[in-house]
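Number of protein chains: 2
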Amino acid sequence: MNSKHVVNNQTLADQVLTKIQEDIVTGDIAPGTKISESALAAKYGVSRGPLREAISRLESRGLIERAPNVGARVVSLSHQELIELYQIRENLEGLACRLAAENMTEADIQELETLLQKHKQDKDFKDGTSYYKQQGDLDFHYCIIHGSKNKKLIHLLCEELYHLILMYRHQFSAISTSKLTRHPEKAFIHHQRIIEAIADRDGELAEMLMKKHIQNSRRAVETFFDQLTAQEKHDDK
Amino acid sequence: MNSKHVVNNQTLADQVLTKIQEDIVTGDIAPGTKISESALAAKYGVSRGPLREAISRLESRGLIERAPNVGARVVSLSHQELIELYQIRENLEGLACRLAAENMTEADIQELETLLQKHKQDKDFKDGTSYYKQQGDLDFHYCIIHGSKNKKLIHLLCEELYHLILMYRHQFSAISTSKLTRHPEKAFIHHQRIIEAIADRDGELAEMLMKKHIQNSRRAVETFFDQLTAQEKHDDK
DNA sequence: TGTCTGAAAATTGTCAACAATCCCGAATTA
DNA sequence: TAATTCGGGATTGTTGACAATTTTCAGACA
């Protein structure tokens, strides 16, 4: 008669899914870790049924890989695979941006501009590499993706690819936060240009700007990897 | 000691997944149908456990929609949603095609050309609208997608979007096979041009050609829908 | 020493019963 | 009559036990 008034109309599987996902994305459960059903079930206080369902959905989001009769492990993307992920994002978010230019309402665009203003202020004091910068970046992309009004596209980007990217950001931010966001002011200007294109209803330009914007991120990741492997080579000898 | 030598190393959930998926894609279970777990479990001779897992995976493939505590239904895409699906395909397969031009081995390309030759012959006798034409088209796209060597992209297109498209093809082929593939010879020429671009390692061109090729399909679907709604309007009065 | 075999242990897959929730229709009331 | 409440039935969510499979590890053998 007390604790249950914070009613969870969600199912148990949903709740445990959220928790495990968080643990994976934040790196609390490291990439490559074997997922033991009974262990996790005990840890989160549910039986194996809901847990298996959660695992199943995590698999569909690309955070976990499963082999029949063998078990599940947290994915550990290779460098190559992260690059491949970025390639997909480039195209898909490019498309989303073009559609956003076509389909966003004036109110939507207004909201987007407000968002950017808020980021500008955040940026003014917390200049540079902070967590807020990343979160702001995500908000921006998130907003445009939803502006496309293409339900399947929204689902693909926000549900199926988003978490993987997030996991990777966490993983690398542990190593080196600054190297991946070397030009935050540049990204900000990109965002501004993109909004302008959307406001002008210039879908073609908006698409291209978004593609280039993400291409930049990809390049940053690529050079980061290059340095990393060079470093390793140096360490070896 | 007899029947089990055709061993199924697959899990029960896998088998039932395959069957249900087939039934959905072929329209044997109509779009919008409510999925009753106990009914289906009885139908396929398994308990609700594996069946729920199968449903879960069908959900992740976009063939089924599920609401907590309420149940699952087979999706019934609106016209708009099918168009949205085509938009995504345009971009993603365009990307796949560019990557294929960059990453396919000579042997891969050879195989692709052989495939096209086979289709040419099939086409010679079974000219036009037949099922083989559609299957051939799918094989062609399938082959190029795999040629991209981008695992995530392959998964997205072949596992998550493919079945939806297939379901839709079946649905409309029941109504009108011919209207959607009005220019089979045109499609064949497109395929030829695409292979040439890939063989030339011209990724940019290959991407554009593939995009235009799928754009054609989308346009055909769009005009088909327009005719359909015009027809309905006519029927109403 | 290294490899192979096979049984025990651990893990995943499947099942049937139980609990919680939703849906639908009858009875009640305004 | 229309709206509302309240059960009963049906459906989904959850659980713990059991079956099937994989993994581990000790011992035999070359």
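Top line first, the protein sequences correspond to chains A and B.
According to this note's numbering, numbering within the first sequence proceeds without interruption in unit steps and concludes at 237.
According to this note's numbering, numbering within the second sequence proceeds without interruption in unit steps and concludes at 237.
The C-beta atom is built at its ideal place from N, Cα and C for all residues, glycine as well.
Range of the contiguous beta strand (DSSP E) that encloses residue i
i              : result
V74 of chain A : G71 to V74
G65 of chain A : It is worth fixing the name first, because residue 65 of chain A is Glu in this sequence and not Gly. Element bounds for E65 of chain A: I64 to A67.
Residue i burial status per 10 Å Cβ neighbour count (16 or more: buried)
i               : result
K34 of chain A  : exposed
M1 of chain B   : At M1 of chain B, the pLDDT of 33 sits below 50, so the modelled position is not reliable and the matter cannot be decided from this model.
K152 of chain B : buried
G136 of chain A : buried
V70 of chain B  : exposed
A100 of chain A : buried
T20 of chain B  : One detail in the question is off: residue 20 of chain B reads as Ile in this sequence, not Thr. So I20 of chain B ends up on the buried side.
F125 of chain A : With a pLDDT of only 47 at F125 of chain A, under 50, the local geometry of the prediction cannot be trusted, and the value read off the model is given with reservation. The residue in question, F125 of chain A, is exposed, as its Cβ has fewer than 16 Cβ neighbours within 10 Å.
D200 of chain B : exposed
A187 of chain A : buried
R48 of chain B  : exposed
E207 of chain A : buried
Q110 of chain A : exposed
A72 of chain B  : buried
E84 of chain A  : buried
V221 of chain A : buried
I189 of chain B : exposed
H191 of chain A : buried
S3 of chain B   : Because the pLDDT at S3 of chain B is just 36, under 50, the model does not fix this residue reliably, and the point stays unresolved.
A42 of chain B  : exposed
A39 of chain B  : exposed
Q87 of chain A  : buried
H119 of chain B : buried
A30 of chain A  : exposed
A256 of chain B : Any property of residue 256 of chain B remains undetermined from this structure, which presents chain B solely from 1 to 237.
Continuous alpha helix (DSSP H) stretch holding residue i: start and end
i               : result
I24 of chain A  : L12 to V25
C97 of chain B  : H79 to N103
A30 of chain A  : Taken as a continuous stretch (DSSP letters only), A30 of chain A belongs to no alpha helix (DSSP H), as it is neither H nor E.
E37 of chain A  : E37 to Y44
S60 of chain A  : R48 to S60
H155 of chain B : K151 to H155
Assumed close pair residue i, residue j - CB separation to whole angstroms, cut-off 8 Å
i               : j               : result
I194 of chain A : E90 of chain A  : Not really, about 14 Å apart at Cβ, beyond 8 Å.
V74 of chain A  : L82 of chain A  : That pair is no contact at about 15 Å.
E53 of chain B  : A13 of chain B  : 4 Å
R57 of chain A  : S56 of chain B  : 7 Å
S148 of chain B : A96 of chain B  : 4 Å
Q171 of chain B : P68 of chain A  : Not quite, the Cβ-Cβ distance comes to about 32 Å (not below 8 Å), so this is no contact.
G308 of chain B : R98 of chain B  : Because chain B here runs from 1 to 237, residue 308 of chain B falls outside it and cannot be looked at.
F140 of chain A : L115 of chain A : 6 Å
Contact test: residue i Cβ vs the ligand HEM heavy atom, cutoff 7 Å
i               : result
I195 of chain B : With respect to the ligand HEM, the structure offers nothing, as it holds no ligand at all.
Any contact of the stretch 206-221 of chain B with the stretch 80-95 of chain B, i.e. 3+ C-beta pairs under 8 Å? Verdict: yes, contact present.
Taking contact to mean 3 or more Cβ pairs, one atom from each stretch, closer than 8 Å, check whether the stretch 21-29 of chain B and the stretch 161-173 of chain B are in contact. Verdict: yes, contact present.
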